Structure formats: structure tokens, C-alpha cells
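Worksheet: one structure, shown below.
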Amino acid sequence: MPDKIKVLFLCIGNSCRSQMAEGLLRHLAGERFEVESAGTIPCFVQPNAIQVMGELGVDISGQRSKHVQEFQGQSFDYVISLCGENNCHSFIGKAGQSLHWPFSDPISASGTEEKVLGEFRTVRDAIRAKLEEFIADPGSFSSDYGVQ
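Counting with the working numbering, you get residues 1 to 148 for the letters of the sequence shown.
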């Protein structure tokens, strides 16, 4: 059996987008992928992210926010930045491919609880759609975001 493909997801807080991506990829194809996530300013996994992932049967409540420095010097096949803005990619290590998939940060949503949860669901579903493409053919994704 070939080695698992190693993936690191990055966002600023490692609280929403990267946590959802980590949980989804592990849930959808964990037998093929070794998955981690980290942030440049980690805080905690957002309860709304835990809730909307639970709606899909994906439990991320045991995941924790990690600083990108925890992975310094490690090698990944893919390092994927999920920030809508380009300022969260600061991985110092080896990345076979460095990708940028810009998703809005659902933490900035405001309004009623249902409206806020709706934004989390929208981002979750967009991440899932992108991951389904990625799982089908990881090799078709090439670096579109430089790593220094």
C-alpha cells in the first residue's frame, strides 16, 4: 500500500476553515491522506464549526488549534492556505505543492444565530466541494501560491 499523501491546511486562527477542512478530508478519505491543520494566530476550535460539521456526521470536537510552528521543518505533499486574504501562508518546511484556496472567514458573520450558522454551512460546503475535486485527482492541483 502506498504512503499516505500528507496535507497541511492553514488559516489564521486554525479555528474554522482549516479545522473543517482537516475533519472533512479525514472523514472523506482518511485512508489515503494524513491530515493536519494549523494557524498563524491559533485560538480555539469555533463551536459553530463543530456544530455544522456535526450536521454531516463529522466530529471535530477533539481537534485542537495548533500554531504553524509546530510543523516547522516537516515535509508535506500539499500545504493548502484557506484564507480569503493572502496573509496566512507562513509555513516553514517542505511542501511538494503549495496551494491557495481562498474561502471567506465565517467568524466574521453577523446577525441571527441561524444567519451566522448559514455562513458556516456555506463555507463548509464550499470546502467540501473543493476537497471532493482534490480527492478525485490530487495530482491535477499545482502550486498556485509560493512558499518561501
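Where is the CB? At the ideal position from N, CA and C, for every residue including glycine. As the structure is a computational prediction, the values presented were derived from the model and not from experiment.
Span of the alpha helix (DSSP H), counted from its first residue to its last, around residue i
i: Pro47; result: 47–54
i: Ser75; result: Looking at the DSSP string, Ser75 is not in any alpha helix (DSSP H); the run it does join, the beta strand (DSSP E), is 75–83.
i: His67; result: It is not in any alpha helix (DSSP H) - His67 carries neither H nor E in the DSSP assignment.
i: Gln19; result: 17–29
Residue nearest to residue i in terms of C-alpha spacing, selected from the options
i: Ser81; options: Arg26, Cys11, Gln63, Gly54; result: Cys11
i: Leu117; options: Gln19, Ala29, Val52; result: Val52
i: Asp59; options: His27, Ala38, Ser37, Lys115; result: His27
i: Gln63; options: Glu31, Gly139, Ala49; result: Ala49
i: Val37; options: Phe141, Pro138, Phe71; result: Reading the sequence as shown, one finds Ser at residue 37 and not Val. Residue Phe71 is the option with its Cα nearest to Ser37.
i: Ser142; options: Ala21, Gly73, Val79; result: Val79
i: Pro138; options: Glu55, Leu56, Ala29; result: Ala29
DSSP three-state assignment for residue i, whether helix, strand or coil
i: Ala38; result: strand
i: Asp125; result: helix
i: Phe33; result: strand
i: Ala136; result: helix
Cutoff 7 Å; reference residue i; Cβ partners in own chain excluding five residues on either side
i: Leu25; result: Val7, Phe33, Val35, Leu131
i: Phe103; result: Arg17, Leu82, Gly84, Val123, Ala126, Ile127
i: Tyr145; result: Confidence in Tyr145 is poor, its pLDDT being 46 and thus under 50, which makes the residue's placement unreliable; the coordinate value appears in the next sentence. The answer, listed in chain order, is Ser81, His89, Ser98, Leu99, His100.
i: Ile135; result: Leu28, Ala29
Limits of the beta strand (DSSP E) - the one that residue i falls within
i: Gly96; result: 94–103
i: Ile5; result: 5–11
Chain C contact for residue i (CB, 8 Å cutoff)
i: Glu31; result: Of the chains in the structure shown, none is chain C; there is only one protein chain.
Close Cβ partners of residue i (< 8 Å) along its chain, the five nearest in sequence each way excluded
i: Gly39; result: Leu10, Cys11, Ile12, Gly13, Asn14, Ser15, Ser18, Ser65, Lys66, His67, Val68, Cys88
i: Gln148; result: In this prediction, Gln148 has a pLDDT of 31, which is less than 50 and means its spatial position is unreliable; what the coordinates show is noted afterwards. If we look at Gln148 and ignore the five residues flanking it on each side, it has no Cβ neighbours.
Beta-carbon proximity list for residue i, same chain, < 6 Å, skipping 5 on both sides
i: Ser75; result: Lys94
i: Asp3; result: none
i: Ala109; result: Val116, Glu119
i: Asp77; result: Ile5, Lys6, Gly96
Open item on the list: Is it the case that the region 92–99 contacts the region 111–126, given that we only count it when at least three CB pairs across the two stretches are under 8 Å?
Closed with: no
Open item on the list: Taking contact to mean 3 or more Cβ pairs, one atom from each stretch, closer than 8 Å, check whether the region 37–44 and the region 13–21 are in contact.
Closed with: yes
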